[in-house]
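All remarks here apply to the structure that follows.
2 protein chains.
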Amino acid sequence: MEIPVVRNVLEANEKMAEHIRRMLSAKGILTLNLISSPGAGKTTLLEKTLRDLSKEFRMAVIEGDLQTDNDARRVAATGAQAVQINTDGGCHLDSNLVLSALDSLNLDAVDILFIENVGNLVCPVEFDCGEDAKVALLSVTEGDDKPEKYPLLFNLAKALVLNKTDLLPYVNFDMARARRSATKLNAGLEIFEVSCRKGDSLQGWYNWLRHMRTAKKKAVQNQN
Amino acid sequence: MEIPVVRNVLEANEKMAEHIRRMLSAKGILTLNLISSPGAGKTTLLEKTLRDLSKEFRMAVIEGDLQTDNDARRVAATGAQAVQINTDGGCHLDSNLVLSALDSLNLDAVDILFIENVGNLVCPVEFDCGEDAKVALLSVTEGDDKPEKYPLLFNLAKALVLNKTDLLPYVNFDMARARRSATKLNAGLEIFEVSCRKGDSLQGWYNWLRHMRTAKKKAVQNQN
Chain A
42 MEIPVVRNVL EANEKMAEHI RRMLSAKGIL TLNLISSPGA GKTTLLEKTL
92 RDLSKEFRMA VIEGDLQTDN DARRVAATGA QAVQINTDGG CHLDSNLVLS
142 ALDSLNLDAV DILFIENVGN LVCPVEFDCG EDAKVALLSV TEGDDKPEKY
192 PLLFNLAKAL VLNKTDLLPY VNFDMARARR SATKLNAGLE IFEVSCRKGD
242 SLQGWYNWLR HMRTAKKKAV QNQN
Chain B
42 MEIPVVRNVL EANEKMAEHI RRMLSAKGIL TLNLISSPGA GKTTLLEKTL
92 RDLSKEFRMA VIEGDLQTDN DARRVAATGA QAVQINTDGG CHLDSNLVLS
142 ALDSLNLDAV DILFIENVGN LVCPVEFDCG EDAKVALLSV TEGDDKPEKY
192 PLLFNLAKAL VLNKTDLLPY VNFDMARARR SATKLNAGLE IFEVSCRKGD
242 SLQGWYNWLR HMRTAKKKAV QNQN
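Chains as they are written, first to last, in this note's numbering: chain A, 42 to 265; chain B, 42 to 265.
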């Protein structure tokens, strides 16, 4: 009884996501959907990125959380446009929620739109939000076995940010094993080892954003 | 369209969970459902507990994971009975999955049954698995804001294990804030600060298990 309904929900979500993708692409906006466990450092990565690249790009953030507007306030403090979605218990964002949040943003003043999904390594992966790419975050405190145990995200993401490298001396995390099992799932995955808290080694991530934004602009120009 | 179906699924789950609870209670088994984010330390807590209390209790574990039987193998290495459930992408265990796993255990040789749920701070909370109590785990690397942001688990759990205290010197985690927001959601919550990796401060947790197991035995004796 349940499966056809779930399938319809996913199909309806996909249609709406395509609509969002066309709308944002027409404006030349690069849209990235950030997915990770709770507390892996999505908001801290955004705080750093929004501050460090504020002169290069106009950036906006859609924050997804079950409760509170803590994260939207943290992000807005950097000067970026920010809007909070509260799912009220819902375990992931979807394209409908994202569409309604877009009304609160001035999209004519956005080069890069970040969607920070609900902290959850499973459910958000299944729901396209109209993004150009999914970005996975994994903190080294979570363990090097996570790509094997939660494969779909690592399979579908374009980039993986391995965060909290400043804690490597204090945890059992085999970086080679984590990289090996992630690239086994996804040979083209771009991997960045960073410490968002210390602000270490973010240049690779920033260069990837520059590259993705340039590619997006070119694709849009070719269409016009 | 979707809501009635979801409600039926939850109701059917609840019925089956009641059946499991009666069955396990009749045998005097204390059943605990462990819920946390990926990588918070559920399996490491179990490894320590199974080894340290092996002379006091006969313990068994049902391991829930999307993929791999890594965790069941880790747990079985302690000598405890262990069975792995692979949800194949599913974001939580439910009572049907638990019921089928029970077939693989010799329940006449179990005093305490641990259900290690899929790593997910959201979805497992909604699905009763026939347990006597939910136990929440939160590692200090995840941040002190998590009870506010994911309130339902902290509201429903009987105990909260705050893990990875050995990393407190290296992260921004306000223990008082975490405890305050958790107990605001749940005044009766038992809280244990531990480091499973170092094996520190586990006595409080062990005493709580002893207390819960004794209470269970008494309740069963009073019924007979």
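Every residue, glycine too, gets a C-beta built ideally from N, C-alpha and C.
On a CA-only basis, which of the options is nearest residue i? Give me that one, please.
{"i": "residue 151 of chain A", "options": "A/243, A/241, A/73", "result": "A/73"}
{"i": "residue 82 of chain B", "options": "A/123, A/212, A/216", "result": "A/212"}
{"i": "residue 190 of chain A", "options": "B/119, B/49, B/126", "result": "B/126"}
{"i": "residue 140 of chain A", "options": "A/129, A/154, A/93", "result": "A/154"}
{"i": "residue 246 of chain A", "options": "A/261, A/259, A/230", "result": "A/230"}
{"i": "residue 196 of chain A", "options": "A/208, A/205, A/163", "result": "A/163"}
{"i": "residue 89 of chain B", "options": "B/175, B/261, B/235, B/200", "result": "B/235"}
{"i": "residue 316 of chain B", "options": "B/168, B/200, B/201, B/77", "result": "With chain B running from 42 to 265 in the structure shown, residue 316 of chain B is simply not present."}
{"i": "residue 258 of chain A", "options": "A/65, A/52, A/61", "result": "A/65"}
{"i": "residue 186 of chain B", "options": "B/174, B/173, B/203", "result": "B/203"}
{"i": "residue 261 of chain B", "options": "B/183, B/62, B/51", "result": "B/62"}
{"i": "residue 253 of chain A", "options": "A/146, A/205, A/173", "result": "A/173"}
{"i": "residue 161 of chain B", "options": "B/171, B/182, B/131", "result": "B/131"}
{"i": "residue 181 of chain A", "options": "A/80, A/87, A/75, A/53", "result": "A/80"}
{"i": "residue 199 of chain B", "options": "B/209, B/207, B/188, B/228", "result": "B/228"}
{"i": "residue 117 of chain A", "options": "A/194, A/84, A/250", "result": "A/84"}
{"i": "residue 192 of chain B", "options": "B/53, B/77, B/143, B/52", "result": "B/77"}
{"i": "residue 108 of chain A", "options": "B/179, B/188, B/75", "result": "B/188"}
{"i": "residue 145 of chain B", "options": "B/232, B/121, B/214", "result": "B/121"}
{"i": "residue 148 of chain B", "options": "B/123, B/129, B/128", "result": "B/123"}
Report yes or no: is there a C-beta of chain A within less than 9 Å of the C-beta of residue i?
{"i": "residue 191 of chain B", "result": "yes"}
{"i": "residue 42 of chain B", "result": "The pLDDT assigned to residue 42 of chain B is 42, lower than 50, so where the model puts this residue is not dependable; a value taken from the coordinates is nonetheless given after this. Yes, contact with chain A."}
{"i": "residue 137 of chain B", "result": "no"}
{"i": "residue 241 of chain B", "result": "no"}
{"i": "residue 229 of chain B", "result": "no"}
{"i": "residue 162 of chain B", "result": "yes"}
{"i": "residue 215 of chain B", "result": "no"}
{"i": "residue 51 of chain B", "result": "no"}
{"i": "residue 184 of chain B", "result": "yes"}
{"i": "residue 238 of chain B", "result": "yes"}
{"i": "residue 159 of chain B", "result": "yes"}
{"i": "residue 212 of chain B", "result": "yes"}
{"i": "residue 235 of chain B", "result": "no"}
Please confirm whether residue i has its beta-carbon closer than 9 Å to some beta-carbon of chain B.
{"i": "residue 78 of chain A", "result": "yes"}
{"i": "residue 205 of chain A", "result": "yes"}
{"i": "residue 187 of chain A", "result": "yes"}
{"i": "residue 180 of chain A", "result": "yes"}
{"i": "residue 208 of chain A", "result": "yes"}
{"i": "residue 54 of chain A", "result": "no"}
Just curious, the alpha helix (DSSP H) that residue i is in, first and last residue?
{"i": "residue 182 of chain A", "result": "Element bounds for residue 182 of chain A: n/a, residue is neither H nor E."}
{"i": "residue 260 of chain B", "result": "244 to 264"}
{"i": "residue 137 of chain A", "result": "136 to 143"}
{"i": "residue 106 of chain B", "result": "Element bounds for residue 106 of chain B: not the alpha helix (DSSP H) but the beta strand (DSSP E), 100 to 106."}
{"i": "residue 195 of chain B", "result": "192 to 197"}
Considering just the uninterrupted stretch of the beta strand (DSSP E) at residue i, what are its terminal residues?
{"i": "residue 202 of chain B", "result": "200 to 204"}
{"i": "residue 212 of chain B", "result": "Careful: residue 212 of chain B lies outside any beta strand (DSSP E) and carries neither H nor E."}
{"i": "residue 117 of chain B", "result": "No beta strand (DSSP E) contains residue 117 of chain B, which is instead part of the alpha helix (DSSP H) from 111 to 117."}
{"i": "residue 72 of chain A", "result": "71 to 76"}
{"i": "residue 87 of chain A", "result": "Counting along the chain, residue 87 of chain A falls outside any beta strand (DSSP E), though it belongs to the alpha helix (DSSP H) covering 83 to 93."}
{"i": "residue 127 of chain A", "result": "122 to 127"}
{"i": "residue 234 of chain A", "result": "231 to 234"}
{"i": "residue 155 of chain B", "result": "153 to 157"}
Does the beta carbon of residue i fall short of 8 Å from some heavy atom of the ligand MG?
{"i": "residue 81 of chain B", "result": "Judged by which ligands are present, the structure shown has none, so any question about the ligand MG falls away."}
Review point. Using a beta-carbon distance cut-off of less than 7 Å, what residues from the region 85 to 113 of chain B approach chain A?
Key: 106, 107, 108, 109, 111
Practice item. Give a yes or no on contact between the region 233 to 243 of chain A and the region 231 to 247 of chain B, applying the rule of three or more CB pairs nearer than 8 Å. Key: no
Exercise for review: Report the residues of the region 121 to 134 of chain A with a CB closer than 7 Å to any CB of chain B, ordered along the chain.
Suggested key: 130, 132
Practice item. Count the C-beta pairs between the region 96 to 106 of chain A and the region 54 to 64 of chain B that are closer than 8 Å, then say yes if the count reaches three, no if not. Key: no
Review point. Does the region 216 to 231 of chain B touch the region 126 to 138 of chain A, meaning 3 or more C-beta pairs lie closer than 8 Å?
Key: no
**Study point:** Validate contact between the region 103 to 117 of chain A and the region 155 to 174 of chain A using beta carbons, cut 8 Å, 3 pairs
**Key:** By the C-beta criterion, the region 103 to 117 of chain A is judged to be in contact with the region 155 to 174 of chain A, since at least 3 inter-stretch pairs fall below 8 Å.
**Study point:** the region 109 to 125 of chain B / the region 61 to 70 of chain B touching (three or more Cβ pairs under 8 Å)
**Key:** no
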